[in-house]
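For the record, the sequence lines run as chains A and B. Each step along the first sequence adds one to the number in this note's numbering, with nothing skipped, and position 164 is 164. In this note's numbering, each residue's number is its place in the second sequence (first place is 1) plus 208. Beneath this line is the structure, given in structure tokens, with notes to follow.
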Amino acid sequence: MNEIKTKILHVGLMLALFAIVATSLVTVTEEKTRDKILENERQTLLAAINALVDSNDYDNDILTDTLLIPRVKALGTSDFTDVYRARKEGSPVAVVLTSIAPNGYNGKIKLLVGIYYDRTLAGVRVINHKETPGLGDKIDVKKADWILQFKGLSLINPVEDKWKVKKDGGQFDQFTGATITPRAVVTAVKNALYYFDKNRDDLFKEAE
Amino acid sequence: MNDVYGPIIRDGLWKNNPALVQLLGLCPLLAVSNTTINGLGLGLATILTLVAANGVISLLRKQIPDEARLPVFVMIIASIVTVIELSMNAWFHELYLILGIFIPLIVTNCAIIGRAEAFAARNPIGPSLVDGLMMGLGFTAVLVLLGATRELIGQGTILSEAHLMFGESARNMTIVVEDYRGFLMALLPPGAFIGLGLIVALKNVIDARQQAKLINVTAEVIPAKA
Numbered sequence: 001m002n003e004i005k006t007k008i009l010h011v012g013l014m015l016a017l018f019a020i021v022a023t024s025l026v027t028v029t030e031e032k033t034r035d036k037i038l039e040n041e042r043q044t045l046l047a048a049i050n051a052l053v054d055s056n057d058y059d060n061d062i063l064t065d066t067l068l069i070p071r072v073k074a075l076g077t078s079d080f081t082d083v084y085r086a087r088k089e090g091s092p093v094a095v096v097l098t099s100i101a102p103n104g105y106n107g108k109i110k111l112l113v114g115i116y117y118d119r120t121l122a123g124v125r126v127i128n129h130k131e132t133p134g135l136g137d138k139i140d141v142k143k144a145d146w147i148l149q150f151k152g153l154s155l156i157n158p159v160e161d162k163w164k165v166k167k168d169g170g171q172f173d174q175f176t177g178a179t180i181t182p183r184a185v186v187t188a189v190k191n192a193l194y195y196f197d198k199n200r201d202d203l204f205k206e207a208e
Numbered sequence: 209m210n211d212v213y214g215p216i217i218r219d220g221l222w223k224n225n226p227a228l229v230q231l232l233g234l235c236p237l238l239a240v241s242n243t244t245i246n247g248l249g250l251g252l253a254t255i256l257t258l259v260a261a262n263g264v265i266s267l268l269r270k271q272i273p274d275e276a277r278l279p280v281f282v283m284i285i286a287s288i289v290t291v292i293e294l295s296m297n298a299w300f301h302e303l304y305l306i307l308g309i310f311i312p313l314i315v316t317n318c319a320i321i322g323r324a325e326a327f328a329a330r331n332p333i334g335p336s337l338v339d340g341l342m343m344g345l346g347f348t349a350v351l352v353l354l355g356a357t358r359e360l361i362g363q364g365t366i367l368s369e370a371h372l373m374f375g376e377s378a379r380n381m382t383i384v385v386e387d388y389r390g391f392l393m394a395l396l397p398p399g400a401f402i403g404l405g406l407i408v409a410l411k412n413v414i415d416a417r418q419q420a421k422l423i424n425v426t427a428e429v430i431p432a433k434a
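Right under this line is the structure:
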């Protein structure tokens with residue numbers, strides 16, 4: 001009987017010891033890497049923003065000059081999101097905001113949309129999607145140039161009627177075998193432009 | 209030397225291949241084998257974790273109480289995967305952006321705990337590291353083969369997006385079949401199951417042929433004796 005007790009105690013203590021060592025190892029690693037990871041993520045975000053708005057076109061710290069906006073129906077967001085504001089010598093240059101197309105072929109498509117103060121598009125990038133590989137995933141800039149065509153467009157170029165894929169009578173190419181994906185992206189970009197159009201001055205308000 | 213490592217190498221790459229014979233780690237295997245490059249990415253991340261987990265468990269095998277070995281293995285593997293993920297994110301961020309999505313998938317790969325239990329817990333560090341490496345390579349080989357097959361049948365290319373893994377100069381590594389319209393099912397989950405089934409069948413055919421040859425040879429020898 002006593003032998004079993006000792007055995008159980010021994011095994012239990014060893015298990016606890018391993019748990020303590022394993023947890024400490026993870027904790028120490030987390031501590032040592034936290035700042036570096038945050039910095040890396042900042043750099044990645046900055047690179048994504050600068051792909052839309054040229055870093056020579058603004059002189060403020062765009063990652064801290066942000067505006068937190070609550071959920072917006074036109075942007076498809078379901079939670080608070082950050083809007084990054086670019087300014088030069090204090091005057092507004094562009095915003096970069098998150099827009100979510102809710103109606104992709106395989107769920108939500110998350111977009112980063114850059115819009116200049118004059119209401120033209122600085123550019124659009126897909127940052128997260130689950131579209132079919134080889135078909136719908138051509139919206140990703142890594143796979144095709146399709147997403148680059150939005151640069152320079154606005155609500156008057158093309159006219160509203162043409163903000164559709166070709167199949168629906170608009171001007172944007174669909175992909176062979178995938179119409180739903182580009183249709184969702186085109187609509188989401190158009191809605192983001194509408195949202196910006198209505199809220200432009202609020203979006204550039206200086207942080208209090 | 210060859211006596212110890214020879215069977216380990218043969219086991220990992222062919223005879224006891226984790227993907228084809230043990231059928232371990234199917235969840236990440238089936239999910240991520242839609243292109244060659246994806247397969248290679250998951251394969252590399254798996255090799256890294258397998259070798260690290262086998263090494264640590266082999267070193268600690270005398271300390272791990274037999275009755276509680278499974279929870280200890282789980283703790284060790286989970287910590288290793290987390291440490292690898294965090295370190296990669298901090299110091300090899302470019303690589304992390306490519307392989308990062310595969311690392312959490314490895315936690316669901318029972319090939320790792322399988323090797324810990326079947327090999328590393330009973331063998332010294334040298335053979336355990338080799339076992340991890342060979343099992344990892346065997347797993348990677350199947351991933352790449354399945355990935356290439358699905359990619360070729362599904363979208364008519366091989367090694368598309370190679371630049372994500374090998375840099376800009378690899379852009380022209382992609383092989384494209386001209387005028388191929390694609391066959392979507394190969395890229396979707398059913399394609400993964402069918403593809404893996406065919407590869408397992410192919411291995412079994414090759415094994416059966418070899419077995420038949422072996423029997424023929426012995427059959428010729430035995431009558432001579434009688």
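Glycine included, every Cβ here is placed at the ideal spot set by N, Cα and C.
How about residue i: is its C-beta nearer than 9 angstroms to some C-beta of chain A?
i: B/A261; result: no
i: B/A326; result: no
i: B/P279; result: yes
i: B/M342; result: no
i: B/W299; result: yes
i: B/P398; result: no
i: B/V487; result: Coverage of chain B is limited to positions 209 through 434, which leaves residue 487 of chain B absent and any answer about it impossible.
i: B/M283; result: yes
i: B/A356; result: no
i: B/R269; result: no
i: B/I272; result: yes
i: B/Y304; result: yes
i: B/T290; result: yes
i: B/A286; result: yes
i: B/S295; result: yes
i: B/R330; result: no
i: B/R389; result: yes
Look at residue i and residue j and say whether their C-beta atoms are less than 9 angstroms apart.
i: B/A298; j: A/N40; result: yes
i: A/I62; j: A/A101; result: no
i: B/M381; j: B/L360; result: no
i: B/A227; j: B/V350; result: yes
i: B/Q435; j: B/G390; result: The structure shown does not extend to residue 435 of chain B, since chain B is modelled only from 209 to 434, so the question has no answer here.
i: B/D237; j: B/L250; result: The amino acid at residue 237 of chain B is misidentified as Asp; the sequence shows Leu. Contact: yes.
i: A/L135; j: A/V124; result: no
i: A/A74; j: A/A184; result: no
i: B/A261; j: B/I288; result: yes
i: A/K198; j: A/L67; result: no
i: B/L313; j: B/V259; result: no
i: B/A276; j: A/A22; result: no
i: B/A319; j: B/G247; result: no
Looking at the ligand PLP, does it come within less than 8 angstroms of residue i, judged from the CB to the closest heavy atom?
i: B/A356; result: Among the components modelled here there is no ligand, and therefore nothing to report on the ligand PLP.
Hey, is residue i's beta-carbon within less than 9 angstroms of any beta-carbon in chain B?
i: A/Q174; result: no
i: A/T44; result: yes
i: A/L112; result: no
i: A/G104; result: no
i: A/P158; result: no
i: A/G12; result: yes
i: A/G177; result: yes
i: A/A51; result: no
i: A/L15; result: yes
i: A/A212; result: There is no way to answer for residue 212 of chain A, as the model of chain A reaches only from 1 to 208.
i: A/N40; result: yes
i: A/K7; result: yes
i: A/F216; result: Residue 216 of chain A lies beyond the range of chain A shown here (1 to 208); nothing can be said about it.
Within 10 Å of its beta-carbon, does residue i have 16 or more other beta-carbons around it, so buried, or fewer, so exposed?
i: B/M393; result: exposed
i: B/G346; result: buried
i: B/A329; result: buried
i: A/P133; result: buried
i: B/L484; result: The structure shown does not extend to residue 484 of chain B, since chain B spans only 209 to 434, so no value can be given for it.
i: B/I272; result: buried
i: B/G405; result: exposed
i: B/T160; result: Outside the shown range of chain B (209 to 434) lies residue 160 of chain B, about which nothing can therefore be said.
i: A/H129; result: buried
i: B/L395; result: buried
i: B/A434; result: The predicted model places B/A434 with a pLDDT of 45, which falls under 50 and marks its position as unreliable, so this point remains unresolved.
i: A/K138; result: buried
i: B/T254; result: buried
So with CB distances below 7 angstroms, who are the chain C contacts of residue i?
i: B/E275; result: In the displayed structure, chain C is absent; the protein chains listed are A and B.
Open item on the list: Please list, in chain order, the residues of the stretch 24-37 of chain A that have any C-beta partner in chain B closer than 7 angstroms.
Closed with: L25, V26, T29, E30, T33, K36 and I37
TODO: Tell me the start and end of each unbroken alpha helix (DSSP H) in the stretch 65-117 of chain A that is at least 4 residues and wholly inside, in chain order.
DONE: none
Task: Against chain A: residues of the stretch 230-244 of chain B by CB proximity under 9 angstroms - done: N242 and T243
Task: Under 9 angstroms (Cβ pairs) to chain B, residues found in the stretch 132-146 of chain A - done: T132, P133, G134, L135, K142 and K143
Task: Interface positions of the stretch 360-371 of chain B facing chain A (Cβ-Cβ less than 7 angstroms), listed along the chain - done: G362, Q363 and E369
Task: Within 8 angstroms of chain A by C-beta, residues of the stretch 391-420 of chain B in sequence order - done: L392, L395 and L396
Task: Ordered list of alpha helix (DSSP H) runs contained in the stretch 360-399 of chain B, each at least 4 residues - done: 370-374
Task: Complete runs of the alpha helix (DSSP H) confined to the stretch 31-61 of chain A [at least 4 residues] - done: none
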